[in-house]
Structure formats: structure tokens, C-alpha cells
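Undergrad: One structure follows; several queries about it will come next.
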Amino acid sequence: MSALAQRTYQHYFDTNEWSNDPADEFLRSENSQMEEYESSIDEFGHSVFEYVSEGDKEIIEHIGVDMATLSSFLVTPVALHHPPKNLIGTYLIAAKKSWQRLTAPIFPHAQSMEVRFAVLSDLWRKDTEFSSSAADIVEHSAYLEIVSWGEQAIPLILRDLEMNGGHWFQALQELTKINPVSPSDAGRVRKMREAWIKWGRDHMLV
Amino acid sequence: MIVNPKFPNLKKHNHLITSPQTDEYNCIGWAAGENDRFWWPGNHPIYYWPLPIPVTPTPQTFIEAFLTLNYVPCADGSFEEAYEKVVLYVDSKKKPTHMARQLRDGTWTSKLGQSFDIMHLTPAAISGSGYGTVHTFMRRPFVESIKV
């Protein structure tokens, strides 16, 4: 989906009205296509929407997934070996991940948070570069401000951890209330990082 | 060469950067002979510490940890062939900040926080507003077992 279409969708979600944006035509067309796909059924007489959960329906509505692909899972030869439900589920997970990556920068609030995060994390790194004290690292004002954002900070932290490393472990533990790091790996920063990135991937946050 | 106001005594002639920058271990782990573990007596169970962690870590907390590695407090940081030595630094509030380890040629090695390892000629070379001053020297009979 183009950035223009995403913005138009966002306008629609915010106001419940289609904007005058040129992407309107694209969206109206896409909606009529969706109606067409909704009428597709598989050999058992099931439509696409009978194979998706309520949560997945929300994804379809909000993301505007490729309905042609989704419907093809009903009749593709692969479906003989894999239930359409599994194929659709896998596709929707990938679509959701892609949507999260695409849309994060265009929401003004998310964008300002990302910018603020970049400024704060940079300040934190510079100020604690030579500090060996874990207390100094996690009690830095920039670090504490990021933690104060609550759950919203988790994807930003995980993304930064994956790309730049850093001692985000206390923040993540505080925000998620869990610790995926094995006790025997306490202090082994590489393994701690790997455990958190895996946790983030499992929860589709990175 | 490191130029930073936290280390006013570091000069071109008294230190060398000896490793890439990494945050995978810290000065305490490095002083203990490890280059893959971050040691700190706090934030349990995130970081490693060899002993139960007191509510408020003090210099004694660090001394006790290195007692488990057979180090004992000693008078100074002079080079003694039969011993290897470490040194603990504290800030003006006596809060532990850093440790360094003596090398076999009498110079010292430090992991600077989440930054580089350096070789420095004397313990005083890294004193200043960053790490404060020397608090305690410790030594143990030299053994080949040290890993790094």
C-alpha cells in the first residue's frame, strides 16, 4: 500500500470520512474488490472470512491486505496439504508485521516519539559511554524518561537494541514484567540481547 | 587516544586503546579476567555477581567479590613478579566506579565502561571526575589460569 493510501486510510480511521485525497479512488476501487473476494468460497463452501479470527478481521480492515492473495489460499493446490486457515494466518502475520513497519513513521505521534527516542538514546549513550556502573546506566535521566513512556517504548527499545545494542535490559524487564534471559546468562550481554530480540520477534514487536 | 574531560590525566604518552568498542563486558568483569560478562552488584538478576548482593553496594562489596577469586588487599600497585594485582576506584562519595588489572609488564589494563579497553601506565592515569580515585589494591599469587 502506498504512503498516500496509508495517509488516506488514517484520515478515514480518524474521521470516519473519506478525504478528498486522490487516493480515494484507489481505496473505493479496493473496497469493491474486497466485496468481490468476500464472495469467493473454497470446496467446502467457506469464504475467506470464515477462516479468520476477529483479530485477523481487524487486521484485514485496517491494513487493507491483498485480498487476491488471501482468496487464492482457498483454491491453491498448496491448500490440499495445508489447511487454508493456516495459510491465511501465516499471511496475515506477515502482513501485520509489514504494516507495522510501514505505518510507524507516518503517524505524527509515533514520529515524534521516534525522534525523541533517538535524541534521548543518543544522549544516554554519550553520557554513560565510560560508565561501568549498571546503576549509573539505568538511572540516567534520558533512560528513565524513555521508561516512563510505558508500553509504547517497548518496540522502540527493541528496535534500538537490535540495531545498536545497549543496556536496555532493565527497562525491558520493567516494562514487560518478564525476563526471557536464562538466569545462567545473567551479565552475558550478547545472549541477553539475543533472548530479548527473540522475545520481541515472537511478539511481533521487531 | 582518548580525550575526555572525565579523564584529565590520560595523555598521548600514557595509554593505548587495545580493543574495539563493546558493551558486552565491563571493567569489573575485565579485572576478573572475563571478556564476555558484565559484572555489577545490582539490578539482580540482570547482571552477574559472584555473591549475594547487598541493598547498597559499597567498596567492601567489591573487595569481597574479589576475595572469592583469591585476591587479598595489599599495600600498593607496585609490580611484583609473583603476584597479579587489581585496583578499585571510588568517587567522592565512596561509591565504587571502576576496576583495573595489572598486566605482566607492570602496566595496567582497563575496560572503560561500554567503550574500549586501554593499557595505561599507572593507576593514576585514569583517575579524575569519571572514576574518582584509587581506593584499594588487591593481589593474588600469579596463576596462568587467567583467561584474557
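These protein sequence lines are chains A and B, in that order. If you count the first sequence from 1, position 121 lands on 507 in our numbering, and the numbers rise without skipping. If you count the second sequence from 1, position 44 lands on 106 in our numbering, and the numbers rise without skipping. By construction, the Cβ of each residue, glycine as well, lies at the ideal position given by its N, Cα and C atoms.
1) If the cut is a Cβ gap below 7 Å, which residues of chain A does B:D167 touch?
2) Whose C-beta lies closer than 7 Å to the C-beta of B:Y110 among residues of the same chain, with five residues either side of it excluded?
3) Which residue comes first and which comes last in the alpha helix (DSSP H) that contains A:Y529?
4) Within 10 Å of its beta-carbon, does A:G536 have 16 or more other beta-carbons around it, so buried, or fewer, so exposed?
5) Return the residues of the segment 548-576 of chain A that lie within a Cβ-Cβ distance of less than 8 Å from chain E, sorted by chain order.
6) B:K173 and B:N88 look like a contact to me (Cβ under 8 Å); what is the Cβ gap, rounded to whole Å?
7) With distances taken Cα to Cα, identify the nearest neighbour of B:I108 among A:E531, A:I543, A:I564 and A:W510.
8) By the DSSP assignment, the alpha helix (DSSP H) with B:P114 in it spans what residues?
9) So A:E515 contacts chain B; which residues on that side make the cut at Cβ distance below 7 Å?
10) Beta carbons nearer than 7 Å to chain A: which residues of the segment 131-143 of chain B have them?
11) By the 10 Å Cβ neighbour count, where 16 or more other Cβ atoms means buried, how is B:A137 classified, buried or exposed?
12) For B:A93, count neighbouring C-beta atoms within 10 Å of its own C-beta (all shown protein chains included) and say buried if the count is 16 or more, exposed if not.
13) By the DSSP assignment, the beta strand (DSSP E) with B:A162 in it spans what residues?
14) Would you list the one or two residues that DSSP bridges to B:T38?
15) How long is the line joining the alpha carbons of A:Q538 and B:Y145, rounded to whole angstroms?
16) Is the separation between the beta-carbon of B:W195 and that of B:V149 shorter than 8 Å?
17) Cβ atoms of A:V533 and A:E560: under 8 Å apart, would you say?
18) For A:S507 and chain B, any beta-carbon pair shorter than 8 Å?
19) Just to make sure I have the definition right: I need the residues of chain B whose C-beta is within less than 9 Å of the C-beta of A:A521. Which are they?
20) Should A:R511 go down as buried or exposed, given a rule of 16 or more other Cβ atoms within 10 Å for buried?
21) For the segment 166-181 of chain B and the segment 512-523 of chain A, state whether three or more C-beta atom pairs, one from each stretch, are separated by less than 8 Å.
22) Does any residue of chain B have a CB that is nearer than 8 Å to the CB of A:S527?
23) Against B:E86, what residues of chain A qualify as contacts under a CB-to-CB distance less than 7 Å, listed in chain order?
24) Provide the residue span of the alpha helix (DSSP H) that contains A:V575, from first to last.
25) Would you mind sorting B:A127 into buried or exposed? The rule is 16 or more other CB atoms within 10 Å of its CB.
26) Quick one: list the residues of chain A neighbouring B:H182, beta-carbon separation under 7 Å, in chain order.
27) When you compare only the Cα positions, how much space is there between B:M181 and A:H589?
28) For the alpha helix (DSSP H) holding A:I540, just list the boundary residues, first then last.
TA: This is what the structure gives:
1) Per Cβ cutoff of 7 Å: no residues; B:D167 is ~24 Å from chain A at best.
2) R99, F100 and W101
3) S527 to S534
4) exposed
5) As a matter of chain content, chain E is missing from the structure shown, whose protein chains are A and B.
6) 6 Å
7) A:I564
8) B:P114 -> no alpha helix (DSSP H), and no H or E assigned at all.
9) G175, Q176 and S177
10) none
11) exposed
12) buried
13) P158 to Q164
14) With chain B covering 63 to 210 only, the question about residue 38 of chain B has no answer from this structure.
15) 52 Å
16) It is Thr, not Trp, that sits at residue 195 of chain B in the sequence shown. Not closer than 8 Å, so no.
17) yes
18) no
19) W102, G104, N105, P119 and K157
20) buried
21) yes
22) no
23) V575 and R576
24) V575 to D588
25) buried
26) Per Cβ cutoff of 7 Å: no residues; B:H182 is ~13 Å from chain A at best.
27) 43 Å
28) A539 to N550
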